[in-house]
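K.L.:
Chains as they are written, first to last, in the working numbering: chain A, 18 to 338; chain B, 2 to 235.
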């Protein structure tokens with residue numbers, strides 16, 4: 018068949034597809050059902066045109082049509098709501114259990130300096146000044162000083178709202194940075210874990226030592242479960258990324274990086290959500306002086322317990338596939 | 002040789018045809034990034050003006066807006082608008098999965114969150130070395146997300162050959178030569194008058210014409226070769 022005849026025969030079909038891709042015509046149900054078949058015949062026509070050495074312009078035109086069809090056929094699919102439910106019901110806790118070694122390692126990197134420094138400061142108070150800048154410490158002292166009295170005041174709701182925005186911007190951003198920092202063989206994530214452990218341990222130890230614990234602990238306990246755990250998870254996400262490159266196993270380094278990045282992302286979504294949740298608690302619950310201190314401690318304990326149970330047992334049933 | 006220097010990247014589809022993608026180069030991508038940066042600053046200023054009127058509560062919203070603007074601006078645009086942020090859309094490039102399908106949430110988030118690491122690496126130029134070394138111009142984030150950035154070809158309508166009385170060339174031509182004749186017919190309207198004549202007169206020995214008549218002759222040949230009911234030209 019000569020090119021001209023081939024073109025004449027299929028011209029209307031190509032025009033139809035072209036209009037469809039340019040959104041000149043609305044896609045109806047019939048067209049929807051026929052689209053895969055139409056796309057396949059288009060592919061065949063391209064192969065035929067190439068095989069018969071038709072002119073480059075015709076081939077390029079068909080290539081562009083096929084490319085658009087490819088985009089449309091293999092594009093995004095719906096059902097986002099179900100995916101979100103399934104994610105929290107199954108995928109997220111499963112991924113946490115699957116990566117338990119890295120997550121445990123990340124916990125150790127974070128809590129070992131945190132706890133040991135907080136305890137050491139009780140005996141060697143000067144340690145706080147060696148580890149952390151003095152301005153930071155005095156600023157912390159000032160904000161947790163019970164004599165200051167702003168822990169008893171009810172602050173306006175608008176201010177709660179402002180702090181909520183700040184916590185999201187700052188804390189979720191830290192999670193994402195911990196993740197990205199892992200790309201360099203995990204070094205960035207490891208550094209952030211230890212650094213955060215030292216900083217938080219130093220502040221907590223110092224504030225407790227100077228005797229402001231009664232305002233500090235009720236404030237931080239409420240959001241500690243999601244916030245600290247999310248920080249540790251984000252470090253694990255970053256390490257997953259970095260270690261994939263140095264320990265690729267049987268895969269090529271690039272393939273290992275791709276696969277691990279996908280897994281790390283699964284973990285990072287939940288992590289970001291936990292930090293997001295923590296921002297709510299921190300802004301509207303932790304800061305409220307109306308809630309008795311005992312209630313805050315109990316709620317915090319329940320949140321830790323609930324969270325641990327969630328990660329240990331959620332999505333274990335086979336039926337939840 | 003062509004494979005080594007060409008920026009065309011082939012993707013094989015499940016239907017068994019190969020799609021060619023033209024990879025976007027570093028300067029184009031950087032321009033797109035800078036444009037996006039400018040857009041983000043503009044959005045930032047507009048938000049600051051609108052939300053600045055109200056008190057602390059709107060400041061909370063403002064901070065959340067900055068968060069979204071900073072981390073999710075590229076992700077939202079890439080996923081919702083077929084791989085194009087506004088900057089990319091101006092530079093006519095788009096992000097695709099490595100297999101040529103439109104970029105999804107996971108890949109887009111990986112490549113954009115890792116941009117922090119890319120920017121960090123670019124301080125020492127590592128970034129650019131990586132991009133030049135990679136056959137598909139991918140930055141670190143692209144490697145992890147398995148994405149490519151390609152030119153978004155405008156969907157040109159096919160120009161079908163114009164109607165004139167088709168003729169067949171007086172001498173037999175091999176397939177390559179026939180293809181160049183047909184290509185001439187198809188690109189005819191893109192050339193200047195002088196160039197058309199210049200090209201047509203190269204074949205003066207074949208058709209014995211000059212000027213506009215020669216062009217028309219060549220044109221008729223291309224039509225004949227492409228499959229019109231041609232009469233052999235003597």
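Glycine is no exception: its CB is placed at the ideal position from the N, C-alpha and C atoms.
Is there at least one Cβ from chain A nearer than 8 Å to residue 115 of chain B's Cβ?
P.N.:
For residue 115 of chain B, the answer is yes, since a Cβ of chain A falls inside 8 Å of its Cβ.
K.L.:
Can you check whether the CB of residue 90 of chain A is closer than 8 Å to the CB of residue 62 of chain A?
P.N.:
Their beta carbons are not under 8 Å apart, which means residue 62 of chain A does not touch residue 90 of chain A by this criterion.
K.L.:
Below 8 Å on the Cβ atoms is my contact criterion, and I expect residue 295 of chain A with residue 247 of chain A to pass it. Report the Cβ-Cβ distance as a whole number of Å.
P.N.:
With 8 Å as the limit, residue 295 of chain A and residue 247 of chain A qualify as a contact, their Cβ atoms being about 7 Å apart.
K.L.:
For residue 286 of chain A, does the count of other Cβ atoms within 10 angstroms reach 16, so buried, or fall short, so exposed?
P.N.:
The residue is buried, with at least 16 neighbouring Cβ atoms inside 10 Å.
K.L.:
Short of 8 Å in beta carbon distance, which residues of its chain neighbour residue 255 of chain A, apart from the five on each side in sequence? Order them along the chain.
P.N.:
195, 196, 197, 198, 199, 200, 203, 205, 206, 209, 281.
K.L.:
Taking Cβ positions only, does residue 191 of chain A come closer than 8 Å to chain B?
P.N.:
No, its Cβ sits nowhere closer than 8 Å to a Cβ of chain B.
K.L.:
What do you get for residue 16 of chain B, buried or exposed, if any count of 16 or more other CB atoms within 10 angstroms of its CB means buried?
P.N.:
Buried: at least 16 other Cβ atoms inside 10 Å.
K.L.:
Return the CA-CA distance between residue 99 of chain B and residue 9 of chain B, expressed in angstroms with no decimal places.
P.N.:
If I take the Cα positions, the gap works out to 13 Å.
K.L.:
Specify the secondary structure class of residue 13 of chain B as computed by DSSP and reduced to three states.
P.N.:
Strand, per DSSP.
K.L.:
Suppose the cutoff is 6 Å on Cβ atoms and the five residues either side in sequence are ignored; what does the same chain contact list for residue 78 of chain B look like?
P.N.:
86, listed in sequence order.
K.L.:
According to the neighbour-count rule (16 or more other Cβ atoms, all chains shown, within 10 Å of its Cβ), is residue 49 of chain B buried or exposed?
P.N.:
Per the 10 Å Cβ criterion, exposed.
K.L.:
Checking the sheet assignment: what are the DSSP bridge partners for residue 97 of chain B?
P.N.:
Paired residue(s): B:103, B:149.
K.L.:
Can you tell me whether DSSP reads residue 235 of chain B as helix, strand or coil?
P.N.:
Its pLDDT being 47, under 50, residue 235 of chain B is placed unreliably by the model, and nothing is read from it.
K.L.:
What is the DSSP secondary structure of residue 339 of chain A, counted as helix, strand or coil?
P.N.:
The structure shown has nothing for residue 339 of chain A, since chain A only spans 18 to 338.
K.L.:
Short of 7 Å in beta carbon distance, which residues of its chain neighbour residue 215 of chain A, apart from the five on each side in sequence? Order them along the chain.
P.N.:
Cβ within range, chain order: 130, 134, 148.
K.L.:
Tell me which residues share the same chain as residue 53 of chain A and place their Cβ nearer than 8 Å to its Cβ, disregarding the 5 neighbours each side in the sequence.
P.N.:
Once the five neighbours on either side are set aside, the close Cβ partners of residue 53 of chain A are 90.
K.L.:
Can you check whether the C-beta of residue 185 of chain A is within less than 8 Å of a C-beta belonging to chain B?
P.N.:
Yes, residue 185 of chain A lies at the interface with chain B (some Cβ there is under 8 Å from its Cβ).
K.L.:
Pull up the distance between the alpha-carbon of residue 315 of chain A and that of residue 309 of chain A, whole angstroms please.
P.N.:
Looking at the two C-alpha atoms, the distance is approximately 10 Å.
K.L.:
Please report the Cβ distance between residue 170 of chain B and residue 222 of chain B, rounded to the nearest whole angstrom; I am assuming they are in contact, meaning their Cβ atoms lie under 8 Å.
P.N.:
Confirmed, about 5 Å.
K.L.:
Using the DSSP secondary-structure output, state which residues sit across from residue 22 of chain B in a beta bridge.
P.N.:
Answer is B:10.
K.L.:
At a Cβ threshold of 8 Å, is residue 51 of chain A touching chain B?
P.N.:
It does not; no Cβ of chain B falls within 8 Å.
K.L.:
Residue 166 of chain B: which of B:88, B:219, B:46 sits nearest, CA to CA?
P.N.:
It is B:219 whose Cα lies nearest to the Cα of residue 166 of chain B.
K.L.:
Tell me the rounded alpha-carbon separation between residue 73 of chain B and residue 31 of chain A.
P.N.:
The alpha-carbon atoms of residue 73 of chain B and residue 31 of chain A are separated by roughly 37 Å.
K.L.:
When the cut-off is 8 Å and only beta carbons count, does residue 60 of chain B lie next to chain A?
P.N.:
Closer than 8 Å to some Cβ of chain A, the Cβ of residue 60 of chain B qualifies, so yes.
K.L.:
Please tell me whether residue 87 of chain A has its Cβ less than 8 Å away from any Cβ of chain B.
P.N.:
It does: the Cβ of residue 87 of chain A has a partner Cβ on chain B nearer than 8 Å.
K.L.:
With 16 as the cutoff for other CB atoms within 10 Å, does residue 31 of chain B come out buried or exposed?
P.N.:
Burial call: exposed.
K.L.:
Hey, residue 24 of chain B and residue 188 of chain B: beta-carbon distance below 8 Å or not?
P.N.:
Contact: no.
K.L.:
Checking 8 Å against the spacing of the C-beta atoms, do residue 111 of chain B and residue 142 of chain B come in under that value?
P.N.:
The answer is yes: Cβ separation under 8 Å.
K.L.:
Are the CB atoms of residue 186 of chain A and residue 117 of chain B nearer to each other than 8 Å?
P.N.:
No, these two residues do not count as a Cβ contact at 8 Å.
K.L.:
How is the alpha helix (DSSP H) around residue 324 of chain A delimited, first residue to last?
P.N.:
310-330 is the extent of the alpha helix (DSSP H) around residue 324 of chain A.
K.L.:
Should residue 22 of chain A be labelled buried (16 or more other beta-carbon atoms within 10 Å of its own) or exposed?
P.N.:
Per the 10 Å Cβ criterion, exposed.
K.L.:
On the CB-based measure, 16 or more other CB atoms within 10 Å of its CB, does residue 133 of chain B come out buried or exposed?
P.N.:
By the 10 Å Cβ count, residue 133 of chain B comes out exposed.
K.L.:
Give a yes or no on whether the minimum CB-CB distance between residue 147 of chain B and chain A is below 8 Å.
P.N.:
So, interface residue.
K.L.:
Please list, in chain order, the chain B residues whose beta carbon lies closer than 7 Å to that of residue 91 of chain A.
P.N.:
Those within 7 Å of residue 91 of chain A in chain B are 102.
K.L.:
Report yes or no: is there a C-beta of chain A within less than 8 Å of the C-beta of residue 217 of chain B?
P.N.:
Not an interface residue.
K.L.:
Measuring alpha carbon to alpha carbon, tell me which of A:27, A:57, A:244, A:124 ends up nearest residue 290 of chain A.
P.N.:
Nearest of A:27, A:57, A:244, A:124 to residue 290 of chain A, Cα basis: A:244.
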